[in-house]
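Here's the structure, in structure tokens; my notes come after.
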């Protein structure tokens, strides 16, 4: 488990807790905050996958707004432009998981990057607001190449930007589909299984599985 | 709404009720039949999308088995090969929605086809067991071209097999992502919105929306 000189982190769900949005949603839609939050996230991921397959690209910020619109309607609620703006803005102020800063501070001799489906218009403010910008060497968005993860071309693009080799690179994500995509592409993987879910049944086993980010210290 | 000479039907969820599997699952996993059934279906669709994007093809029957394995594990249950075989076999004996035969019998002067992500090893027995094989001119699987819906290449393949023109073709599906894919490709669409869901927020509006299949008689 040595020779790792580059560590790439997914953002949403891995460094940032997307369900910290539930409380904000609950303020507007009493009793439905958690359900709307869950549908929002599911549709956000689904819409990115569908647009990738249909060859019908939109930025992840646009997709995030569309997914919220769907989620609010699905759960029988209505919204207005001011409320939408406030809710979408919450995506720029997600909570960082509690162990993130401590773990990152122990990895200073590695090249560290964020690699996200989020477009820079949502990703850069998020990282800045969390106060962790300086902990990373690069913040890379799939928007730069307009290929969403888990397309092999998206991971390949990140590797080119980082000038890193597959065998020397650890990709870290809490999202099963993202870990599958990275395994399929060929880098080493650490699945942060925060929700204690089974491994995805795609014949692409993660190289390591941890309950939170502290586990990746084994690799360095 | 005239000039339609070819009508293409999706299978799972559109002609066949996939949640009729819940009862069978309930017999094995008391109190969890519905949950496992829902996860099974969600993962089946997700795995097809992910494999399409990763360029990592497997047949839909293989994907269906993998999705069931995941669903059983996710809900804290275990299984064995005999049980798996019995449960997967239930996919070959799904209930047809009650209005299907009546509607199809009124469309005899049109070219009628099933076009499904299901591979022939699961699709053909299903249609045969339901006793509706002779109602269709063609039964087409995306496996013939190894491109899952909603890839444009998959719909294009079906249109070539049917020798039909986009403006003369109606595509019928209960699955929002499938209707979006057909709209994106360019045929006319009828969304059978059995679950009373909002339209997908992908800027691809269906040409028509009905609560069950009887609505499509408007087109002929």
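Residue numbers (the working numbering), protein chains in the order written: chain C, 51 to 270; chain F, 51 to 270. All residues carry an ideal CB built from backbone N, CA and C; glycine is no exception.
With 16 other CB atoms within 10 Å as the buried threshold, where does residue i fall?
i: residue 139(C); result: exposed
i: residue 63(C); result: buried
i: residue 200(F); result: buried
i: residue 251(F); result: buried
i: residue 114(C); result: buried
i: residue 247(C); result: exposed
i: residue 253(F); result: exposed
i: residue 80(F); result: exposed
i: residue 60(C); result: buried
i: residue 128(C); result: exposed
i: residue 49(F); result: As displayed, chain F neither begins before 51 nor continues past 270, which places residue 49(F) out of reach and without an answer.
i: residue 226(F); result: buried
i: residue 130(C); result: exposed
i: residue 132(C); result: exposed
i: residue 89(C); result: buried
i: residue 197(C); result: buried
i: residue 56(C); result: buried
i: residue 158(C); result: exposed
i: residue 77(F); result: exposed
i: residue 51(C); result: Unreliable positioning characterises residue 51(C) in this predicted model, as indicated by a pLDDT of 49, which lies under 50. A coordinate reading is not provided.
i: residue 179(F); result: exposed
i: residue 102(C); result: buried
i: residue 105(C); result: exposed
i: residue 73(F); result: exposed
i: residue 65(F); result: buried
With a cut-off of 8 Å on the beta carbons, I'd call residue i and residue j a contact; round off their distance for me.
i: residue 240(C); j: residue 205(C); result: Contact flag wrong, Cβ pair sits at about 15 Å.
i: residue 109(C); j: residue 169(C); result: 4 Å
i: residue 266(F); j: residue 222(F); result: 6 Å
i: residue 53(C); j: residue 86(C); result: The pair is not a contact, with the Cβ atoms about 44 Å apart (cut-off 8 Å).
i: residue 256(C); j: residue 229(C); result: 5 Å
i: residue 220(F); j: residue 147(F); result: With 8 Å as the limit, residue 220(F) and residue 147(F) do not qualify as a contact, their Cβ atoms being about 18 Å apart.
i: residue 12(C); j: residue 99(F); result: Residue 12(C) is absent from the structure shown; chain C starts at 51 and stops at 270.
i: residue 271(C); j: residue 182(C); result: Because chain C spans 51 through 270 in this model, residue 271(C) falls outside it and cannot be assessed.
i: residue 185(C); j: residue 142(C); result: That belief does not hold up - the Cβ atoms of residue 185(C) and residue 142(C) are roughly 18 Å apart, past 8 Å.
i: residue 261(C); j: residue 244(C); result: 7 Å
i: residue 70(C); j: residue 145(C); result: 4 Å
Could you check whether the Cβ of residue i sits closer than 6 Å to any heavy atom belonging to the ligand ZN?
i: residue 161(F); result: This structure lacks the ligand ZN; in fact it carries no ligand of any kind.
Taking only beta-carbon atoms, is residue i less than 7 Å away from chain A?
i: residue 105(F); result: The chain inventory of the structure shown lacks chain A, comprising the protein chains C and F.
Q.
Against chain F, which members of the stretch 189-214 of chain C pass a CB distance test of less than 8 Å?
A. 198, 200, 201 and 202
Q: May I ask you to list, following chain order, the residues of the stretch 232-259 of chain F that have a beta carbon less than 9 Å from some beta carbon of chain C?
A: 234, 235, 247, 248, 249, 250, 251, 252, 253 and 254
Q: Give, in chain order, every residue of the stretch 62-85 of chain F whose Cβ lies closer than 9 Å to some Cβ of chain C.
A: none
Q.
Closer than 9 Å between beta carbons: that is the criterion. Which residues of the stretch 152-174 of chain F meet it against chain C?
A. none
Q. What are the start and end residues of each continuous beta strand (DSSP E) run of 3 or more residues lying completely inside the stretch 178-205 of chain F, in chain order?
A. 188-191
Q.
Output needed in chain order: residues of the stretch 100-112 of chain F with a Cβ under 9 Å from some Cβ in chain C.
A. 100, 101, 102, 103, 104, 105, 106 and 108
Q) Per the contact definition of three or more C-beta pairs closer than 8 Å, is the stretch 79-96 of chain F in contact with the stretch 180-198 of chain C? A) no
**Q.** Members of the stretch 114-127 of chain C that neighbour chain F once the beta carbon cut-off is set at 8 Å
**A.** 116, 117, 119, 120, 123 and 124
Q. Which residue spans inside the stretch 60-137 of chain C form an unbroken alpha helix (DSSP H) run of at least 4?
A. Within the stretch 60-137 of chain C, the complete alpha helix (DSSP H) runs of at least 4 residues are 72-78, 83-104 and 110-124.
Q: Count the CB pairs spanning the stretch 204-219 of chain C and the stretch 157-171 of chain C that are closer than 8 Å, and state whether there are at least three.
A: yes
(Q) Which runs of the alpha helix (DSSP H) at least 4 residues long sit entirely within the stretch 141-183 of chain C? Give them in chain order. (A) The qualifying runs are 150-154 and 170-179.
Q | Sequence ranges, beta strand (DSSP E) only - wholly within the stretch 236-270 of chain C, length at least 3 | A | 238-242 and 258-260
(Q) To be precise: take each residue of the stretch 221-232 of chain F, compare its Cβ to all Cβ atoms of chain C, and keep it if any distance is under 8 Å. Which residues remain? (A) 227, 230 and 231
**Q.** Interface positions of the stretch 85-97 of chain F facing chain C (Cβ-Cβ less than 8 Å), listed along the chain
**A.** Correct list: 93, 96 and 97.
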